[in-house]
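Worksheet for the structure shown next.
Protein chains: 2
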Amino acid sequence: MTKKHAFYAQSGGVTAVINASACAVIETARRYPDKIGKVYAGHNGILGALREELIDTSYESDETIGALLRTPGGAFGSCRYKLKSFEESEAEYRRLIEVFQAHNIGYFFYNGGNDSMDTAWKVSQLSEKMGYPITCIGVPKTIDNDLAVTDNCPGFGSAAKYLAVSIKEASHDIASMCDTSTKVFVMEVMGRHAGWLAAATGLAARQDGDPPHIIIFPELPLDRQKFLNKVDETVNNEGYCVIVASEGAKYDDGSFISASTTVIDSFGHQQLGGVAPALCNMIKQELGYKYHYAVPDYLQRSARHIASRVDVEQAYAVGKAAVELAVTGHNAVMPAIIRESDLPYRWAIKEVPLAKVANFERKMPLDFISEDGFNITPTCRGYLEPLIEGEEYPAYLNGLPRFARLRKVFVEKQLNTPFEI
Amino acid sequence: MTKKHAFYAQSGGVTAVINASACAVIETARRYPDKIGKVYAGHNGILGALREELIDTSYESDETIGALLRTPGGAFGSCRYKLKSFEESEAEYRRLIEVFQAHNIGYFFYNGGNDSMDTAWKVSQLSEKMGYPITCIGVPKTIDNDLAVTDNCPGFGSAAKYLAVSIKEASHDIASMCDTSTKVFVMEVMGRHAGWLAAATGLAARQDGDPPHIIIFPELPLDRQKFLNKVDETVNNEGYCVIVASEGAKYDDGSFISASTTVIDSFGHQQLGGVAPALCNMIKQELGYKYHYAVPDYLQRSARHIASRVDVEQAYAVGKAAVELAVTGHNAVMPAIIRESDLPYRWAIKEVPLAKVANFERKMPLDFISEDGFNITPTCRGYLEPLIEGEEYPAYLNGLPRFARLRKVFVEKQLNTPFEI
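Protein sequence lines correspond, in order, to chains A and B. All residue numbers for the first sequence refer to the numbering used here, where the first residue is -11 and numbers rise by one. All residue numbers for the second sequence refer to the numbering used here, where the first residue is -11 and numbers rise by one.
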């Protein structure tokens, strides 16, 4: 029986280190030439399998694959395409199996978050039922840090480091100017449901009075007056106030802060304003302080130039472990990060069944948030600090980081039927 | 005659490397104990002199002063306080001289941009006229890169590097997602009048079709339709479009792009929208593309974690040269950076009279902008590239950069009269 090829796909929002996982999957697969044939990557994730757009990574040199370790974004493209139950998405599942079978694919490595772990699990079950069993291994990833069981998720640590570094630096700036200029600075961070990234900025504060002075978590509805009082008190005590707000933060009436303002152009067209302008508007109106705000947006999840060394190592480790699990007969599992100790920080990889991970969302513990709701607790600090530890800089050329450029050679299609997404 | 003390003040918007200049001024002054007494730094810049709030830097250890090399923001505080002509600002000039005289200050090092060079020049002239001559040396600084004579300005290179790195990384992100998600990404950069920082992002493009695809310079009024056509064409050709826009960019009717939208809260209060939301709104309305935008704001000028090594070296060099010029009898001058060659990049410091620098604004040459107005030319690249070369990373502790914490001991006041600003 000829050995099977592997299919690898990136899924959901990309991160600064998802390519480190890709690097690990491909490099590790190359070490088992007797077990795994080629590694085909899905062009734009699982859509690549559905559309039969498979990138043959065997055409990429060892150097190029190695360079993925230090390249942000998703080298093969990604998508947010959720397969539902077999009944609802039967055509997609059948198509996946059909494509896998046509290309002699026996391994499916799916690099993503919750939804992807669910898909990997479903495919493992359904492929068996449909007579073409595929070894399905999930490779964890998400800046949202909300996969169950795993102590933390690859991608999160680097975004956390970037945001904590950024708020520390920006705070030095505003502290310099606040006497006669800007007194309030707001930075908006990603996190619609969970305040993990917002919490990470709290690491920048080392002593009482250090910024960020106020963190607004999506878990805690914001009391406008309490917030304004805190801003005013901080400006009076420290001379300035630095605020970090999650994009998903809400007021205590349940409405999204980002929806409280609209951006209107000269033709009257409207879009939702963001959290930062909304808070700044309110502060200006109620307290009169001059403000500035920053919206890093994609910068926070693509900042490979200041990635966390721990994050890079873990992103690589889960990719490597995924392949090792596959070639040693495991199926429907995900390599999870297990924290063995905080100080010194020690972690290991342990396989967990996809069934235990899929569709569970890990929430941030409420004892990570201080009593007044605006800061992080020492417990939270103890959890977060190791995840941003260490630097793993890319190589630079002419002042800019050198990223991988792939050839991206496509596998010849075997099927005649296109697939309508 | 007792040797004189020195007064050092930071002025205008701070940068990632203005403290490197401060470090150089203080460290170099410490090497001439026979010529210079103490270095007093103005608390919040020149306001510190007017208010007689002088920080005695002799209380700071060599280690702390050394750590300024890698600390962003303005360690002593800064302000935008412009002294006008002697007639208009007579009280301020008299007060400055009075404070300098009371504290035996004979050297004035003013670290700022155009307005500061003008102030330093005026003080050199007026102090002489008023019978208490002070050696006044300007120390160049500005992310706007618009001081005359000097080839470039300390602070600019690091902000340029940060923005070019950021756009390169964010572009990798959007390129991954564009098939089914975000197709347009806009990053707003500083630069009300000059497109130097916007131009720097053009360095991220190495081949045809590389992002950023469109740069909007404040020097070139934007033709809406031409812009929209270019966006559409780019999305069709490349799959996505990355745009960089200066905060000061205008439409071809002369209006600021940032003023074309207003942000309105639920109470009807209005603020100006920014350039990024304005352009995104327009693109959404006219072309229907999903967008994201980033507004780095203060992050771009405080990003010491990714400062340009050339910029750090030059910021230090001008501070050092300023003191050396002072102790060798020069006055009313500014150490300027002179470019000796592009490849290899060679530069030197040369003194220039403040009269030649003060109040002149260096504009970006129009041959730096491509014919279609949306990109940079090879000439521009040749100018910019050396300025972002090299990395000079801070030291890290627990995942975050270690910045200087100063004691900030104030000099005892000698004057009884407070000064109303």
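Yeah, the Cβ is synthetic: ideal placement off N, Cα and C, and Gly gets one too. Bear in mind the structure is a predicted one, so any value in this text is a computation, not a measurement.
Chain A contact for residue i (CB, 8 Å cutoff)
i, result
"A192 (chain B)", "yes"
"E235 (chain B)", "no"
"F215 (chain B)", "no"
"N281 (chain B)", "Going by the sequence as given, residue 281 (chain B) is Tyr instead of Asn. It does; some Cβ of chain A falls within 8 Å."
"H293 (chain B)", "yes"
"R289 (chain B)", "yes"
"M178 (chain B)", "no"
"D285 (chain B)", "yes"
"N140 (chain B)", "no"
"F407 (chain B)", "no"
"P265 (chain B)", "yes"
Residue i: contacting residues in chain B (beta-carbon distance under 8 Å)
i, result
"T168 (chain A)", "N32, L35, C67, R68 and Y69"
"K156 (chain A)", "L388, P389 and F391"
"E485 (chain A)", "A query on residue 485 (chain A) cannot be resolved here, the shown segment of chain A reaching from -11 to 409 and no further."
Neighbour-count burial assignment, residue i, 16 or more Cβ in a 10 Å radius
i, result
"P199 (chain A)", "buried"
"D106 (chain A)", "buried"
"E221 (chain B)", "exposed"
"T(-10) (chain B)", "exposed"
"A186 (chain B)", "buried"
"K214 (chain B)", "exposed"
"I93 (chain B)", "buried"
"P21 (chain B)", "exposed"
"E86 (chain B)", "buried"
"N224 (chain B)", "exposed"
"Q402 (chain A)", "exposed"
"V340 (chain B)", "buried"
"E328 (chain B)", "exposed"
Where residue i meets chain A, residues with beta-carbon distance less than 8 Å
i, result
"P332 (chain B)", "Those within 8 Å of P332 (chain B) in chain A number zero; the least Cβ separation is about 12 Å."
Sub-8 Å separation of residue i and residue j beta-carbons
i, j, result
"Y228 (chain B)", "V172 (chain B)", "yes"
"Q(-2) (chain B)", "A8 (chain B)", "no"
"V174 (chain B)", "A233 (chain B)", "yes"
"L42 (chain A)", "E80 (chain A)", "no"
"N363 (chain A)", "G190 (chain A)", "yes"
"W109 (chain A)", "A291 (chain A)", "no"
"R289 (chain A)", "G378 (chain A)", "no"
"T249 (chain B)", "N269 (chain B)", "yes"
"R395 (chain A)", "E48 (chain A)", "yes"
"A310 (chain B)", "L342 (chain B)", "no"
"H280 (chain B)", "Y286 (chain A)", "yes"
"E207 (chain A)", "M352 (chain A)", "yes"
"I337 (chain A)", "A305 (chain A)", "yes"
"Y381 (chain A)", "R390 (chain A)", "no"
"I294 (chain B)", "Y150 (chain B)", "yes"
"G143 (chain A)", "T130 (chain A)", "yes"
"N102 (chain A)", "E349 (chain A)", "yes"
"D167 (chain B)", "C67 (chain A)", "yes"
Contact list for residue i against chain A, beta-carbon separation under 7 Å
i, result
"M322 (chain B)", "Residues of chain A passing the Cβ test: none, with the nearest at roughly 22 Å."
"S46 (chain B)", "Under the 7 Å cutoff, chain A gives no residues; its nearest Cβ is about 21 Å from S46 (chain B)."
"I376 (chain B)", "G387"
"S164 (chain B)", "V2, G61, G62, G65 and S66"
"V153 (chain B)", "H293, L388 and P389"
Interface residues of chain E facing residue i [CB-CB closer than 8 Å]
i, result
"T59 (chain A)", "Within the model displayed, chain E is absent; protein chains A and B are what it includes."
Interface residues of chain A facing residue i [CB-CB closer than 9 Å]
i, result
"K149 (chain B)", "G387 and L388"
"S296 (chain B)", "G387"
Minimum Cβ-Cβ distance from residue i to chain B less than 8 Å
i, result
"G62 (chain A)", "yes"
"Y384 (chain A)", "yes"
"A346 (chain A)", "no"
"P353 (chain A)", "no"
"P21 (chain A)", "no"
Beta-carbon neighbours of residue i, restricted to chain B and to distances below 7 Å
i, result
"E116 (chain A)", "Those do not exist, as E116 (chain A) stays about 29 Å from chain B at its closest Cβ, beyond 7 Å."
"E373 (chain A)", "N386 and G387"
"F173 (chain A)", "Y286"
Cross-chain neighbours of residue i in chain B, by beta carbon under 9 Å
i, result
"P366 (chain A)", "Per Cβ cutoff of 9 Å: no residues; P366 (chain A) is ~13 Å from chain B at best."
"P209 (chain A)", "Here the premise fails: no neighbours, minimum Cβ distance about 16 Å."
With three or more beta-carbon pairs closer than 8 Å as the criterion, would you say the region 121 to 137 of chain A touches the region 236 to 245 of chain A? no
Three or more beta-carbon pairs under 8 Å between the region 122 to 131 of chain B and the region 26 to 41 of chain A, yes or no? no
Whether or not the region 56 to 63 of chain B and the region 360 to 375 of chain B are in contact is what I'm after, with contact meaning three or more pairs of Cβ atoms, one per stretch, closer than 8 Å; do they touch? no
I'd like to know if the region 109 to 120 of chain B and the region 66 to 82 of chain B are in contact, where contact means that at least 3 CB-CB pairs between them fall below 8 Å. yes
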